[in-house]
Each structure stands twice: as structure tokens, then as C-alpha cells.
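In our numbering, the protein residues as written are 42 to 323.
Don't be surprised by glycine CBs; every beta carbon is placed ideally from N, CA and C.
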Amino acid sequence: MSRFETSDGLSLYFEEHGSADGIPLICLPGLTRDGQDFRYALPHLGDYRVILMDLRGRGRSDYAQDPASYNILTEAGDVIALMDHLGLTRAALLGTSRGGLVAMAIAGTARDRLQAVILNDVGPDIAEEGLGRIFEYLGHRPAAKTHAAAARILEAAMRDSFANVPEGRWLEEAQTFYKETPDGLELRYDARLREAMLAQAKALSEMEEKPSLWPWFAALDGLPCGVIRGAHSDILSRETFDEMRRRLPALQAVELSDRGHIPFLDEPDALLLIHTVLKDIK
Numbered sequence: 042m043s044r045f046e047t048s049d050g051l052s053l054y055f056e057e058h059g060s061a062d063g064i065p066l067i068c069l070p071g072l073t074r075d076g077q078d079f080r081y082a083l084p085h086l087g088d089y090r091v092i093l094m095d096l097r098g099r100g101r102s103d104y105a106q107d108p109a110s111y112n113i114l115t116e117a118g119d120v121i122a123l124m125d126h127l128g129l130t131r132a133a134l135l136g137t138s139r140g141g142l143v144a145m146a147i148a149g150t151a152r153d154r155l156q157a158v159i160l161n162d163v164g165p166d167i168a169e170e171g172l173g174r175i176f177e178y179l180g181h182r183p184a185a186k187t188h189a190a191a192a193r194i195l196e197a198a199m200r201d202s203f204a205n206v207p208e209g210r211w212l213e214e215a216q217t218f219y220k221e222t223p224d225g226l227e228l229r230y231d232a233r234l235r236e237a238m239l240a241q242a243k244a245l246s247e248m249e250e251k252p253s254l255w256p257w258f259a260a261l262d263g264l265p266c267g268v269i270r271g272a273h274s275d276i277l278s279r280e281t282f283d284e285m286r287r288r289l290p291a292l293q294a295v296e297l298s299d300r301g302h303i304p305f306l307d308e309p310d311a312l313l314l315i316h317t318v319l320k321d322i323k
């Protein structure tokens, strides 16, 4: 177990795997998830120095005193603090969903710290359909009382957007989302993430001119970079995926036909893209 301290005094968890001499690859998880997001890909990444990070308020990391600090720029600063703690001048980033937004924020604010960026099912525009689905569960304890029951609910909910899923995978996912206790399932993240997200959504709705994430994405130009999309994703639309490819012709891109949000990253085509991007690092 390893930890480091943020500029505002939080203790955040990380762990390292793979080759100590390999390209440093920092893996940034989804909104409500932690470093376990990458456990399916991990066995295939042994040539790299893989660093799994629990963002503030998630998993084994401290919860913030002020939920307003659950924002992309603060989380990007935490990633830079981890790099400084490890003595890394530069690193590659693999960001899933929210983690991909954090990766783009770093590209836009500290590009010189990056060797490569890979985005898993996320882009500069977030589809409203997916945001609505996220707010339905964000910050709420599930009705299911056990991991097994939650797995059955997950499987039913994802049936239309996922196929050829490895046996037992939805149980593993339930274990990633929730901690099983005698009183039922508990969240593995700070429920005040909901409060933070709602406040940010309200602030955005009151702006006459909405900020765009496309300039952050444009900062990836010249870096080895890639994007993975689940063909049934409700977060990364086909239109945004195509526009990303148009704006960055060198972008490595793959669409997984039997995945929604989010691909697990042990799919052969996803792994091929990851390796292809990282091999382009000079």
C-alpha cells in the first residue's frame, strides 16, 4: 500500500505494478470507481510501470472536507502531485470516463508532463443521455443487499449494450462498485460526489457561454494518443467520436461492437490500441 499527500492535505492511495523500468502509465478511473477499474487490463500491461490511482473521495483515498474539490481541475492537480511524489517528469495516462476528462485537463494545463494519452469511452462532449443515467444512481446506496443481487441487476441493466461478457464479470463489477456489509451494500466512494456534480451542473446552466473541453482535446495534438469507444455508449456519442478523429487525424481510434459504457479494457482490440499508442512514445 502506498500513499501521497495532496496540496490540501488529503492522503490518496496508489499502487504500482509491472516493470519498474517500463514507461510509466498512470491509470485514472471512472467517476465513482477506483484503481480496480483496470484490474482486467492489468495482466496484459506487464511491460509498463503501471500506476493505479484512487482519486480523492474514491476507494481507499481520503474523502475531501469540501465536496467542491471533487472537480476535474483539482483532480488533475492531484495527478501531477502523484507524479512529483514519484519523481516522474513525464508519464502516459490511461483515463476511463471521468479519468479521461482529468487526462484532457492535464493536456490543457500541463502538457509538458505527458508522454501519451489514451481515452476510454469519453471525449470533449458528454452525451446528455449518459449524464441522466449517471445521476439516477450517483450518491445513492443500491436497493440490492448483496454483491450477487447487485450483479443480477447490473447484468439485466447492461444486457442491451454488452455482449460476450466473461462469466462472473458482473459480480466483479458489483464488488468494484460496492462494499458488502451486514446492513447491505455501501458505496466505495463519497456520496457527496452527487452534491458536487449537481452544483457544477447548476453553475454551468447559469453561464451564458458554456466552457468547451475541445481546447483541452486539441492540446493532445503531437502526442501519441488514442480513444476507445463502446459502440453502444451513452457517454461518448458516435458524432463526438467521429469529430475527435477529424480534428486529430493521427488519433488511434477503435470502436468495440459489443460494448457500451464502459469497455473493460481486456478486449483484444482495446489492448491492441493501448500497446500501439504506447509504442509510439519517443
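Is residue i buried or exposed, if buried means 16 or more other CB atoms sit within 10 Å of its CB?
{"i": "E247", "result": "exposed"}
{"i": "H181", "result": "exposed"}
{"i": "L96", "result": "buried"}
{"i": "T130", "result": "exposed"}
{"i": "D62", "result": "exposed"}
{"i": "N161", "result": "buried"}
{"i": "R287", "result": "exposed"}
{"i": "T137", "result": "buried"}
{"i": "P304", "result": "buried"}
{"i": "R200", "result": "exposed"}
{"i": "A146", "result": "buried"}
Give me, in chain order, the residues of the same chain whose beta-carbon lies closer than 7 Å to that of residue i; leave out the 5 immediate sequence neighbours on both sides.
{"i": "G140", "result": "L69, P70, G71"}
{"i": "E280", "result": "none"}
{"i": "I276", "result": "S138, D162, V163, I167, A168, G171, H302"}
{"i": "W21", "result": "The first residue shown for the chain is 42 and the last is 323, placing residue 21 beyond what the model contains."}
{"i": "E46", "result": "S52"}
{"i": "L245", "result": "K251"}
{"i": "G118", "result": "S48"}
In three-state terms, what does DSSP make of residue i?
{"i": "M27", "result": "With the chain represented from 42 up to 323, any question about residue 27 goes unanswered, as that position is not in the structure."}
{"i": "M42", "result": "coil"}
{"i": "G267", "result": "strand"}
{"i": "K320", "result": "helix"}
{"i": "E221", "result": "strand"}
{"i": "E227", "result": "strand"}
{"i": "H58", "result": "strand"}
{"i": "R99", "result": "strand"}
{"i": "L212", "result": "helix"}
{"i": "S48", "result": "coil"}
{"i": "R90", "result": "strand"}
{"i": "L53", "result": "strand"}
{"i": "G164", "result": "coil"}
{"i": "S253", "result": "coil"}
{"i": "R235", "result": "helix"}
{"i": "R152", "result": "helix"}
{"i": "D310", "result": "helix"}
{"i": "L72", "result": "coil"}
{"i": "Q106", "result": "coil"}
May I ask which residues mark the beginning and end of the beta strand (DSSP E) holding residue i?
{"i": "T137", "result": "132 to 137"}
{"i": "R20", "result": "This structure cannot speak to residue 20, because the chain is shown only from 42 to 323."}
{"i": "L155", "result": "155 to 161"}
{"i": "V206", "result": "Looking at the DSSP string, V206 is not in any beta strand (DSSP E), and its letter there is neither H nor E."}
{"i": "L261", "result": "Here L261 belongs to no beta strand (DSSP E), and DSSP marks it neither H nor E."}
Among the residues of its own chain, which have a CB less than 6 Å from the CB of residue i, if the five just before and after it don't count?
{"i": "H85", "result": "L312"}
{"i": "K220", "result": "E227, R229"}
{"i": "R99", "result": "D75, Y230"}
{"i": "G225", "result": "K186"}
{"i": "G271", "result": "D162, L297, R300, G301, H302, P304"}
Could you spell out where the alpha helix (DSSP H) holding residue i opens and where it closes?
{"i": "V120", "result": "113 to 127"}
{"i": "L69", "result": "Counting along the chain, L69 falls outside any alpha helix (DSSP H), though it belongs to the beta strand (DSSP E) covering 65 to 69."}
{"i": "L195", "result": "188 to 199"}
Excluding the 5 residues flanking residue i on each side, which residues of the same chain have their C-beta closer than 8 Å to its C-beta?
{"i": "H188", "result": "L212, A215, Q216, Y219, E221, L226"}
{"i": "A148", "result": "L155, V158, W257, F258, A260, L261, L264"}
{"i": "M285", "result": "G164, P165, F258, V268, L292, A294"}
Exercise. Residue ranges of each alpha helix (DSSP H) run of no fewer than 4 residues wholly in the segment 271 to 305, ordered along the chain?
Worked result: 279 to 288
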